[in-house]
Amino acid sequence: MTTDIPTITLNDGRTIPQLGFGVFQVPPDETRDAVTMAIDAGYRHFDTAQMYRNEKGVGEAIDAADQDRADFFITSKLSNAAHRPDDARRAFDGTLSALGTDYVDLFLIHWPLPTLYDGDFVQTWRTLEEFYREGRARSIGVSNFTPHHLRRLRAETDIRPAVNQIEVHPYFTNDETRGYGAENEIATEAYSPIAQGEVLTDPTIESIAREVSRTPAQVVLRWHIQRGDIIFPKSKTESRVRENAAIFDFELATADMAAITSLDKGEKGRTGGNPDTNAWLPPA
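By this note's numbering, the letter at position 253 of the sequence shown is numbered 532, and the numbering carries on one by one without gaps.
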């Protein structure tokens, strides 16, 4: 491996690497090669989803690696089209089949979809609890849930989400949701960690990068790490994949951390969908 990647202990006692490799928007026919490259660069944590349509490529790369399945941490997420319990069960079976494994390390509800399915994401969560109790999902969690969604789960179900995967970056620090997670032992996974590249030309970040002799991307990813979040940047360029992992041999000063956090634009900084209104369903 290129570096020793730290782990975070989840509320169910399992551990997750703090740095992973994301395959959002990686074409299915390119996913195996991209994941193989990441494995060669030292990554062991991979984040996919049913709606990405590239689980098969992730599974093929891991199967071809000269390592045990237990050496890898695989996350996938439930399709927005499969929230009804029986649909979720079929979809989860499909995930295991596509990945070529009998379990996933982490399985998430991708979006709460409060305007669909009668707003009943609780029944969907209870179905994930089944997968957890069966051992086919070693940990379960959610994505794009806000504090009020999480409070409802806490009140109506038995198992707390182990993680909440949400949009977080310097322009959208999402600290209310992160704070709820910290108070309730729900780890935060930060997607779009560099705001799809938008923050990399910010003068504050460029200045800090010059001071610490690192790239702007490395500075932002290090900011996430020091805040305690789990990240999985995506790139199909090998040099950048390796660069993204080279963030554990330096630290940002407290003042630099604060300067980056102060770039927050609130809701205006969001680049993805709003969890309270998103109702997108994938094509059949």
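Note that beta-carbon positions come from the ideal geometry of N, C-alpha and C, so glycine has one too.
Taking the Cβ atom as the reference point for each residue, do residue i and residue j lie within a distance shorter than 9 angstroms?
i	j	result
Arg369	Val337	no
Asn423	Gln402	no
Thr452	Asp555	no
Gln297	Pro285	yes
Val383	Ala360	no
Thr467	Ile539	no
Asp291	Ala441	yes
Leu432	Phe400	yes
Ala496	Ile473	yes
His448	Ala461	no
Asp326	Phe511	yes
Ile509	Ile295	yes
Lys513	Phe352	no
Thr394	Ala558	yes
For the alpha helix (DSSP H) holding residue i, just list the boundary residues, first then last.
i	result
Gln505	Pro495 to Arg506
Lys335	Glu334 to Ala343
Pro482	Pro482 to Val491
Glu462	Asp454 to Glu462
Gln402	Phe400 to Glu413
Thr533	Thr533 to Thr540
Ala523	The question names Ala, yet the displayed sequence has Asn at residue 523. First-last of the alpha helix (DSSP H) with Asn523: Glu517 to Ala524.
Between which two residues does the beta strand (DSSP E) containing residue i stretch?
i	result
Gly420	Ile419 to Ser422
Phe371	Careful: Phe371 lies outside any beta strand (DSSP E), inside the alpha helix (DSSP H) at Pro364 to Leu378.
Ile318	That residue, Ile318, is in no beta strand (DSSP E); its alpha helix (DSSP H) goes Pro307 to Asp319.
Leu387	Leu385 to Ile388
Asp381	Unbroken run through Asp381: none, as it is neither H nor E.
Asp326	His324 to Asp326
What residues are listed by DSSP as bridge partners for residue i?
i	result
Pro296	Thr286
Ile509	Glu468
Gln444	Ser422 and Glu468
Leu429	Per DSSP, none; premise fails for Leu429.
Leu357	Ile388
Phe451	His448
Gly301	Asp326
Phe352	His324
Find the nearest neighbour of residue i within the set the options, judged by alpha-carbon distance.
i	options	result
Val498	Ala524, Thr516 and Tyr382	Ala524
Glu408	Glu435, Pro426 and Ser492	Glu435
Asn546	Trp559, Tyr450 and Arg521	Asn is not the amino acid found at residue 546; the sequence shown has Glu there. Taking only the C-alpha atoms, the option nearest Glu546 is Tyr450.
Asp528	Arg493, Phe400 and Val447	Arg493
Ala328	Phe400, Met316, Asp372 and Lys356	Lys356
Val478	Ala558, Glu464 and Trp502	Trp502
Arg293	Asp342, Gly414 and Met316	Gly414
Glu517	Pro307, Asp308 and Ala317	Ala317
Asp342	His362, Leu375, Pro364 and Asp365	Leu375
Ile465	Ala367, Gln475, Glu485 and Leu429	Leu429
Glu490	Arg348, Thr456, Ala534 and Asp345	Ala534
Thr315	Glu334, Glu339 and Pro306	Glu339
Pro306	Tyr322, Met330 and Asp319	Met330
Ser358	Phe371, Gly551, Arg348 and Asp347	Phe371
Distance cutoff 9 angstroms, beta carbons only. Does residue i sit that close to anything in chain B?
i	result
His428	Note that chain B does not occur in the displayed structure, where there is just one protein chain.
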